[in-house]
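*Asks:* A single structure is presented below for examination.
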Amino acid sequence: YPIERVYDTPVDILTMDDIIRDMSTHFNQQKKMTLASINPQIILMADSNPQVKAFIESASHRFADGIGVVKVSRWTKGQITERIAGIDVMVETLKYANQFHKKIFLYGAKPEVVEKAAAAIQKDYPHLEVAGYIDGYTTQANDEIVAHINQSGADMLFVALGSPKQEEWLNNFMPQLNCTVFQTVGGSLDVLSG
Ligand code: UDP
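Shown next, in the form of structure tokens:
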């Protein structure tokens, strides 16, 4: 996709349809797909946080999540015309998982929130499998978390640790994870938990 740099942070010029279509390609080719939500807060963090910067630079699909990014693009005569909300990407990804019977894993949010989100997702999308979840305040070591996710056989991982934690965590541990789709989802589990 064409890339537009917003204050030096790359954003891909793409649509929701592009994202969902690419999912099949990535599964077929067993290639990792990273859905990175880019908002003004993350653009500022990327400036001083090398981990966040590295995560964004290496992500396959960086979408403009937030009207702020769209406005900056407009002011600088860029090509980003539409906001793609992270929660909408998560919902479309869950629909895809439901259609193709994928296994998903949730990592992050408060214990009662992730538990409720897992139950709500399983109920609303009966053909996907919630293969497991871990809250974002666990005392488990990172290598245990990674092992837990890999043992679950999850195809898709949603990380809800807030920024910059979720970007840093994925930057560090994605290479060891066997999932195909990764998404940073901020507060989306709080929304989906009802
Ligand atoms: N969160 C977490 N562990 C932490 C900090 C935050 O699991 O150490 C979760 C928090 O419970 C919430 C989500 O990350 O579900 C998003 O947090 P926040 O709203 O602070 O971040 P933002 O949406 O602004 O990125």
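Residue numbers (full-length UniProt numbering): 3 to 196. Every residue gets a Cβ at the ideal spot worked out from N, C-alpha and C, and that includes glycine. Computed from a predicted structure; not experimentally measured.
Are I86 and M18 close, meaning C-beta to C-beta below 7 Å?
*Replies:* Mapped onto the sequence shown, residue 86 falls at position 84. Mapped onto the sequence shown, residue 18 falls at position 16. Taking 7 Å as the Cβ cut-off, I86 and M18 qualify as a contacting pair.
*Asks:* Leaving aside the five residues before and after I22 along the sequence, list all residues of the same chain whose C-beta is less than 7 Å from its C-beta, in chain order.
*Replies:* As a working mapping, residue 22 is identified with position 20 in the sequence shown. Correct list, in chain order: E94 and Y98.
*Asks:* Residues in the same chain with beta-carbon distance under 8 Å from I58, minus the five sequence neighbours each way, listed in chain order, please.
*Replies:* Within the sequence shown, numbered from 1, the residue matching residue 58 stands at position 56. Excluding positions up to five away in sequence, the list reads T11, P12, A38, I40, I44, A48, R64 and E169.
*Asks:* How far does the alpha helix (DSSP H) with residue 2 in it reach, from first residue to last?
*Replies:* With the chain running from 3 to 196 in the structure shown, residue 2 is simply not present.
*Asks:* Let me know if Q153 comes out buried or exposed under the rule of 16 or more other beta-carbons within 10 Å of its beta-carbon.
*Replies:* Taking the sequence shown and counting its residues from 1, one reaches residue 153 at position 151. Exposed.
*Asks:* When you compare the region 23 to 33 with the region 172 to 179, are there three or more beta-carbon pairs, one atom per stretch, that lie closer than 8 Å?
*Replies:* The region 23 to 33, when compared against the region 172 to 179, does not touch it at the 8 Å Cβ threshold.
*Asks:* Looking at C-alpha atoms only, which residue of E117, G188, Y135 and D14 is the closest neighbour of V71?
*Replies:* What you label residue 71 is simply residue 69 of the sequence shown in a count that begins at 1. When each option's Cα is compared against that of V71, the closest is D14.
*Asks:* Under 8 Å: do the region 150 to 167 and the region 183 to 191 share three or more Cβ pairs, one atom per stretch?
*Replies:* Yes, the region 150 to 167 touches the region 183 to 191.
*Asks:* So for Q142, helix, strand or coil by DSSP?
*Replies:* Here residue 142 is taken as the residue at index 140 of the sequence shown, counted from 1. Of the three classes helix, strand and coil, the one that applies to Q142 here is coil, per DSSP.
*Asks:* Taking only heavy atoms of the ligand UDP into account, decide whether any of them is closer than 6 Å to the Cβ of G189.
*Replies:* Here residue 189 refers to the residue found at position 187 of the sequence shown. Correct: G189 has its Cβ closer than 6 Å to the ligand UDP.
*Asks:* Taking 7 Å as the cut-off, decide whether the C-beta atoms of E6 and G88 are in contact.
*Replies:* By one-based count along the sequence shown, residue 6 stands at place 4. By one-based count along the sequence shown, residue 88 stands at place 86. No, Cβ-Cβ distance for E6 and G88 is not below 7 Å.
*Asks:* Relative to the C-alpha of S62, which residue among S75, K104, L16 and P42 is closest?
*Replies:* Indexing the sequence shown from 1 puts residue 62 at position 60. The shortest C-alpha separation from S62 is found at L16.
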